[in-house]
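Numbering (this note's numbering), first residue to last: 1 to 518.
Where is the CB? At the ideal position from N, CA and C, for every residue including glycine.
None of the values given here were measured: they were computed from a predicted structure.
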């Protein structure tokens, strides 16, 4: 059965350029000491992945793209699938420290994927012995998947399905989803027929969807116009420039228990609020150091998972929207900033701030492929990209128990995602086994001192840990009630003061003691 990409999936193909590659990548560091014999060979990893390729359809399906993008591409079975064509390995060059690791990770992320094969690959890096905090003998797995195939939630699920819950090899997901049958590439006649039919139906479907959503569109448009358009409230920063091909990577991690302690300081704050506040504080420190801190707060885009509680993350593809959140770089106080972020997200999440994105996501399903491809390339180009945000912050919850690969225990996890013109900074914050990572992706000319920004994140989080909430002000003494101000029915009878007794005047006496009137 033919399976066509959705409009939201296809847009990640249409917007890809030589400078802006639209794949995502997980960075996983493993300790092989838990494996049988205390070591893991590259062929052991190949054998493990080979045994799990049926846990998700994305492993064996490739793209069938149409000429001139006349319609959205199709997923078809890769008749020449070869596991070893997707896996490679290398050793970290000297001196083999954290900086060399970050450089190697960034270089692999900056390379284009082979679009003629299933859209994933794995790169194993050995030689991490000189990295502080990493067990001796550890190796890293860089797992790339194109964004047209997965979003953050479905990508995380595909990784967990490839993992084990113990060193013995017990799968983390006992029952993988049924294998999805994919047909062969459609013939030219079938392709033209389907593309023509889609083009004819698209205007009708588009107008029907437009009429259903018109009240929300009008309200959103009025709000945008009243606030000054898409760039209103988004200051111009070094991140709002065209993005080049040379990406950079750095990361740090914090304990989720510490995040929980920070949450308690501001009632109602969430883990995501703490993440946004930490990044906001780091940006404030970084830009202030460079004397570039704008008066207005920087604005971040944060994703919203549209699957809902009952949605299946096992289904590949993209089901996300987004909302814009001021990260309050204009506020110096850490807890004051956290309270302001909390107040905004409580009102905005899955409501007002995300409505425009959800409307456009729904409407895009009915736009012809060729039209959408042309528009997508135009609005994300260097010349026409809109400054609608300063950066992207993604928080994807992960497993909170140890995971294993070929017997080796996962000890650290990071994430990377694409940049875009006018949005040159991405901070991914995946969580795993009691810790949350702040993974930084930027472009070399935008943030050449990425290690300093990582230090700013550490300092911002330390500020939140050290900050003490202000004690509540004592309530003012309650004034005595004024009976006259109370309703007549509620007034209590107030006894009148007793009348003073009248006293008779006392006659004065003269010096002799007699009354002069007598």
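Collapsed DSSP secondary structure at residue 70 in the structure displayed | The residue given as residue 70 occupies position 70 in the chain shown. Taken through DSSP and simplified to helix, strand or coil, residue 70 comes out as coil.
Reference residue 138; option with closest CA among 433, 29, 91 = Reading the chain shown from its first residue, position 138 is the one you call residue 138. The residue with the shortest Cα to Cα distance from residue 138 is 29.
Determine the burial state of residue 356: buried for a count of at least 16 other Cβ atoms within 10 Å of its Cβ, exposed for fewer.
-> Here the question's residue 356 lines up with position 356 in the chain shown. Note that residue 356 has pLDDT 45, beneath the 50 cutoff, so the model's placement of it is unreliable and no number is given.
For residue 30, the residue or residues it bridges with in DSSP = Position 30 of the chain shown, counted from the first residue, corresponds to residue 30. Paired residues: 139, 410.
Counted within 10 angstroms of its Cβ, other Cβ atoms place residue 68 as buried (16 or more) or exposed | As a working mapping, residue 68 is identified with position 68 in the chain shown. By the 10 Å Cβ count, residue 68 comes out exposed.
Please decide whether residue 404 counts as near chain D, where near means a Cβ-Cβ distance under 8 Å.
-> You won't find chain D in this structure, because it holds only one protein chain.
In this structure, what does DSSP give as the bridge partners for residue 125?
-> Locating residue 125 in the chain shown gives position 125, counting from the first residue. DSSP lists 90, 140 as partners of residue 125.
Report yes if the CB atom of residue 264 is closer than 8 Å to the CB atom of residue 467, and no otherwise.
-> Here residue 264 refers to the residue found at position 264 when the chain shown is read from its first residue. Here residue 467 refers to the residue found at position 467 when the chain shown is read from its first residue. No, the Cβ-Cβ distance between residue 264 and residue 467 is not below 8 Å.
For residue 21, which option in 450, 428, 463, 419 has the closest C-alpha, if you only look at C-alpha atoms?
-> Stepping through the chain shown from its first residue, residue 21 is reached at position 21. For residue 21, the nearest C-alpha among the options comes from 419.
Who does residue 415 pair with in a DSSP beta bridge?
-> Counted from its first residue, the chain shown places residue 415 at position 415. 26, per the DSSP bridge assignment.
First through last residue of the beta strand (DSSP E) which encompasses residue 84 | For the purposes of this step, residue 84 is identified with residue 84 of the chain shown, where counting begins at 1. Note, residue 84: premise wrong, no beta strand (DSSP E); not H, not E.
Counted within 10 angstroms of its Cβ, other Cβ atoms place residue 346 as buried (16 or more) or exposed = One-based indexing of the chain shown puts residue 346 at position 346. Exposed, since its Cβ has fewer than 16 Cβ neighbours within 10 Å.
What residues in its chain sit with their C-beta under 8 Å from that of residue 452, if we drop five residues either side in the sequence?
-> Here residue 452 refers to the residue found at position 452 of the chain shown. If we look at residue 452 and ignore the five residues flanking it on each side, its Cβ neighbours are 286, 289.
When DSSP builds the beta bridges, which residues end up paired with residue 329?
-> As a first step, residue 329 must be located in the chain shown, where it is residue number 329. When beta bridges are read from the DSSP output, residue 329 appears opposite no residue.
For residue 141, count neighbouring C-beta atoms within 10 Å of its own C-beta (all shown protein chains included) and say buried if the count is 16 or more, exposed if not.
-> For the purposes of this step, residue 141 is taken as the residue at position 141 of the chain shown. Residue 141 is buried by the Cβ-count criterion.
How would you label residue 116, buried or exposed, when you count the other beta carbons within 10 angstroms and need 16 or more for buried?
-> Taking the chain shown and counting its residues from 1, one reaches residue 116 at position 116. Residue 116 should be labelled exposed.
Give the DSSP-derived three-state secondary structure of residue 341 in the structure shown.
-> Your numbering for residue 341 matches position 341 in the chain shown. Reduced to three states, the DSSP call for residue 341 is helix.
Can you grab the Cα-Cα spacing for the pair residue 110 / residue 23, in whole Å?
-> Within the chain shown, residue 110 is the residue found at index 110, counting from 1. Within the chain shown, residue 23 is the residue found at index 23, counting from 1. Between residue 110 and residue 23, the alpha-carbon positions lie close to 10 Å from each other.
List the residues that DSSP assigns as beta-bridge partners of residue 253.
-> As a first step, residue 253 is located in the chain shown; it is residue number 253 there, counting from the start. In the DSSP output, where bridge partners are listed per residue, residue 253 has 437.
According to DSSP, what are the bridge partners of residue 404?
-> The sequence position of residue 404 within the chain shown is 404, counting from 1. According to DSSP, residue 404 bridges with 164, 409.
How would you write the range of the alpha helix (DSSP H) that residue 450 sits in, first residue to last?
-> Here the question's residue 450 lines up with position 450 in the chain shown. Where residue 450 is concerned, the enclosing alpha helix (DSSP H) stretches over 450-466.
Could you spell out the range, first to last residue, of the alpha helix (DSSP H) harbouring residue 288?
-> Within the chain shown, numbered from 1, the residue matching residue 288 stands at position 288. First-last of the alpha helix (DSSP H) with residue 288: 271-289.
Give a yes or no on contact between the region 160-172 and the region 64-81, applying the rule of three or more CB pairs nearer than 8 Å.
-> no
If you run the structure through DSSP and keep just helix, strand and coil, what is residue 62?
-> Reading the chain shown from its first residue, position 62 is the one you call residue 62. DSSP places residue 62 within a strand segment (E or B) once states are collapsed to three.
Alpha-carbon spacing of residue 63 relative to residue 82, whole angstroms | Walking along the chain shown from the start, residue 63 turns up at place 63. Walking along the chain shown from the start, residue 82 turns up at place 82. Taking the straight line from one Cα to the other gives about 16 Å.
Where does the unbroken beta strand (DSSP E) through residue 428 begin, and where does it stop?
-> Position 428 of the chain shown, counted from the start, is the residue given in the question as residue 428. Its beta strand (DSSP E) spans residues 425-428.
Leaving out the 5 sequence neighbours to the left and right, which residues in its chain are closer than 7 Å to residue 463 when beta-carbon positions are compared?
-> Here residue 463 refers to the residue found at position 463 when the chain shown is read from its first residue. So the list reads 281, 334, once near-sequence residues are dropped.
Nonlocal neighbours in the same chain, by C-beta distance under 6 Å from residue 299, ignoring five residues either side = Working through the chain shown from its first residue, we reach residue 299 at position 299. The residues 234, 324, 326, 389, 390, in chain order, have a CB closer than 6 Å to that of residue 299 in the same chain once the five nearest residues on each side in sequence are set aside.
Option in 413, 403, 301, 102 with minimal Cα separation from residue 168 | Sequence index remark: in the chain shown, residue 168 carries index 168 (1-based). Closest option to residue 168, Cα to Cα, is 403.
Under 8 Å between C-beta atoms of residue 461 and residue 241 | Locating residue 461 in the chain shown gives position 461, where the first residue counts as 1. Locating residue 241 in the chain shown gives position 241, where the first residue counts as 1. No, Cβ-Cβ distance for residue 461 and residue 241 is not below 8 Å.
Which same chain residues, not among the five before or five after residue 36, have their C-beta less than 8 Å away from its C-beta?
-> Mapped onto the chain shown, residue 36 falls at position 36. Contacts found: 167, 407.
Would you kindly work out how many angstroms separate the C-alpha atoms of residue 90 and residue 112, rounded to a whole number?
-> Indexing the chain shown from 1 puts residue 90 at position 90. Indexing the chain shown from 1 puts residue 112 at position 112. Distance between the alpha carbons of residue 90 and residue 112 is about 18 Å.
Would you kindly work out how many angstroms separate the C-alpha atoms of residue 439 and residue 46, rounded to a whole number?
-> What you label residue 439 is simply residue 439 of the chain shown in a count that begins at 1. What you label residue 46 is simply residue 46 of the chain shown in a count that begins at 1. Taking the straight line joining both Cα atoms gives about 27 Å.
Among 469, 456, 413, which residue has its Cα nearest to the Cα of residue 134?
-> Residue mapping note: residue 134 aligns to position 134 of the chain shown, counting from 1. Checking every option, the nearest Cα to that of residue 134 belongs to 413.
Own chain partners of residue 33 with C-beta closer than 7 Å, once the 5 adjacent residues on each side are dropped | If you number the chain shown from 1, residue 33 lands on position 33. Around residue 33: 135, 137.
Residue 119 and residue 145: beta carbons closer than 8 Å?
-> Counted from its first residue, the chain shown places residue 119 at position 119. Counted from its first residue, the chain shown places residue 145 at position 145. Yes.
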